[in-house]
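Residue numbers (my numbering): 4 to 379.
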Ligand SMILES: [Zn+2]
């Protein structure tokens, strides 16, 4: 049994002082108690900083870890897709496996407990299966010429925590998109409104529209009118859904989707990736104002310097720290559907524990020195 304490602990969405967390030798929390003076309690391990449950990375592509530093910053949305295509073939299987394994270990040490990971093939599945992190894998369907989800379904069926998903509302024709959206055991995760070209496409304008037209590709889904309307009309109300990026989402989009779903969808923000690719910031103030459910993802090392949850929290800016930490923990766990076991410091859960150090306790804000490390 261990007794663990810090200056503050994230409890029920608040930062509380004087908290001692007791865990058994399997890592399950057996007691959370409040004390006026922690110094008086025997055998407490004290870690300076804020004690938080293991973090939940709600969006990553671990298989792209080998592209760390391979693509320049600021290419823009279309440029980034082009660059990925260009550099993808330049690496050996060994290099790819090694990079994924290093990134997995970095995330574990930062205190990441579970990940919603997007995949295109099975290459790194053994790494995820043997990791101490709980990975949920979604094999994503992509391509206007894609006709069937059979191959992806066959891959997903081989693994315990895997399913298929639709890449985005601009890269799949109608039948296939609705088919994938209809049901699944894991959460549906769709890249949505990362760039303004996605909305423009539905108005037959912008870079995506021009590119598709040049290639002679037709889209049978533009009649929905907008990416958000397509989601509302294609995804059943009860489906657990993550919408990733949302940089160009409007208050109207959030309202429409909040009212469509029985449980509001989670907007997964990946600000480091947005900074890296386009310099655009997700409209987090609008999301908060609209009461949107928010979680945090790191996206991939093709578009991030590190897979750091703390870095992504810092980039979201001036948000009350307890709320920010809730995005990175409980909200991600809810979005994946594992909040009964992970995402908060509660008796009976086995959430893992991490400590965030380098916090400015005067302003209760993260600083450039803030970092997180796993202690359990
Ligand atoms: Zn992504």
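All C-beta atoms in this analysis are idealised placements derived from N, C-alpha and C, irrespective of residue type, glycine included.
None of the values given here were measured: they were computed from a predicted structure.
For residue i, which of the options has the nearest alpha-carbon?
i	options	result
residue 245	254, 273 and 220	273
residue 296	332, 284 and 102	332
residue 241	185, 96 and 258	185
residue 30	345, 367 and 97	345
residue 229	252, 22, 80 and 51	252
residue 128	103, 12, 152 and 231	103
residue 33	348, 375 and 110	348
residue 10	35, 41 and 26	41
residue 255	310, 293 and 233	293
residue 278	303, 264, 265 and 111	303
residue 366	343, 374 and 322	322
residue 235	39, 261, 171 and 196	261
residue 56	117, 170 and 70	117
residue 227	207, 378 and 148	207
residue 101	85, 71 and 86	71
residue 3	275, 281, 268 and 258	The structure shown does not extend to residue 3, since the chain spans only 4 to 379, so no value can be given for it.
residue 115	61, 68 and 69	61
Are there 16 or more other CB atoms within 10 angstroms of the CB of residue i, so buried, or fewer, so exposed?
i	result
residue 364	exposed
residue 166	buried
residue 96	exposed
residue 37	exposed
residue 133	exposed
residue 218	exposed
residue 146	exposed
residue 291	exposed
residue 201	buried
residue 301	buried
residue 150	exposed
DSSP has residue i in a bridge; who is on the other side?
i	result
residue 322	None; residue 322 has no bridge partner.
residue 257	Its beta-bridge partners do not exist; DSSP assigns none.
residue 26	5 and 32
residue 296	269
residue 54	12 and 358
residue 377	357
residue 221	Paired residues: none, contrary to the question.
>> Quick check: the stretch 61-76 against the stretch 17-29, are at least 3 beta-carbon pairs closer than 8 Å?
In response: The stretch 17-29 is not in contact with the stretch 61-76.
>> With three or more C-beta pairs closer than 8 Å as the rule, is the stretch 175-184 touching the stretch 220-227?
In response: Result yes; three or more Cβ-Cβ pairs closer than 8 Å.
> Are the stretch 112-126 and the stretch 140-149 touching by the rule of at least three beta carbon pairs closer than 8 Å?
Replying inline: yes
> Three or more beta-carbon pairs under 8 Å between the stretch 317-328 and the stretch 343-356, yes or no?
Replying inline: Segments in contact, no.
>> Between the stretch 306-313 and the stretch 107-114, can you find at least three pairs of beta-carbon atoms closer than 8 Å?
In response: A contact exists between the stretch 107-114 and the stretch 306-313.
>> Does the contact criterion of 3 or more C-beta pairs under 8 Å hold for the stretch 326-343 versus the stretch 87-96?
In response: no
> Listed by chain order, which residues have C-beta atoms less than 6 Å from any heavy atom of ligand 1?
Replying inline: 62, 64, 121, 194, 247 and 302
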